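Quick note: the sequence shown uses the numbering used here, first residue 9, plus one each step.
Think of the CB as a built atom: it goes at the ideal place given N, C-alpha and C, for glycine as much as any other residue.
The structure displayed is predicted, hence computed values, not measured ones.
Only one structure is covered here, and it is reproduced in the block below.
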Amino acid sequence: MDSVETPTRRLSLPTKAAFLAYGTAAFIDTSVTSFCHGAQTCNERNPLLRPIVDNHGVVAAMAVKGAMHTVVALWLSSQHEKHPKAVLWTTIALAVAQGTVDAYNIKQLRR
């Protein structure tokens, strides 16, 4: 049986780790945002998502947020073969940025 080449099979181990960190941070952000909206202790600050929350609710906004993260990850993985270092460092930067947002959100929950 021939092996099927998938985008994640081509990624280097450090890049896979960076994608895992980014995905985990994105999941934490979605979870914390959903929780605090349910508890009415926060407001969406992302200017792209705020109108969706205001007009359609948090579930719709979190679906859009998940789709945004998925599109970014798929696009980055498609660029890995041509630009492996750029994809690695961009994914690390996204993970750090998302982790920073997560830390801020969690700090807000404790207030």
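(Q) By the three-class DSSP mapping on this structure, what secondary structure does residue 47 have? (A) Reduced to three states, the DSSP call for residue 47 is coil.
Q) Of all the alpha helix (DSSP H) runs that stay within the bounds of the region 33-92, which reach a length of 4 or more residues? A) Complete alpha helix (DSSP H) runs here, min 4: 58-64 and 66-87.
(Q) Looking only at its chain, what residues have a beta carbon closer than 7 Å to the beta carbon of residue 33, apart from the 5 residues adjacent to it on each side? (A) The answer, listed in chain order, is 103, 106, 107 and 110.
(Q) Check this for me: beta carbons of residue 95 and residue 84, under 7 Å apart or not? (A) A contact, by the Cβ cut-off of 7 Å.
Q) Under three-state DSSP, which class holds residue 19? A) Residue state for residue 19 is assigned as coil, using DSSP reduced to three classes.
Q) Can you tell me the Cα-Cα spacing of residue 61 and residue 118, whole angstroms? A) Going by the C-alpha atoms only, they are around 22 Å apart.
Q. Once you ignore the five residues that flank residue 70 on each side, which residues in its own chain have a CB closer than 8 Å to its CB?
A. Closer than 8 Å at Cβ, skipping near neighbours: 38, 41 and 42.
Q) Using CA coordinates, which residue listed in 66, 77, 29 and 114 is at the minimum distance from residue 179? A) The requested residue 179 is not part of the displayed model; the chain covers only 9 to 119.
Q: Could you tell me if residue 30 is buried or exposed, where buried requires 16 or more neighbouring beta carbons within 10 angstroms of its beta carbon?
A: Under the 10 Å beta carbon count, residue 30 is surrounded by 16 or more other beta carbons and is classified as buried.
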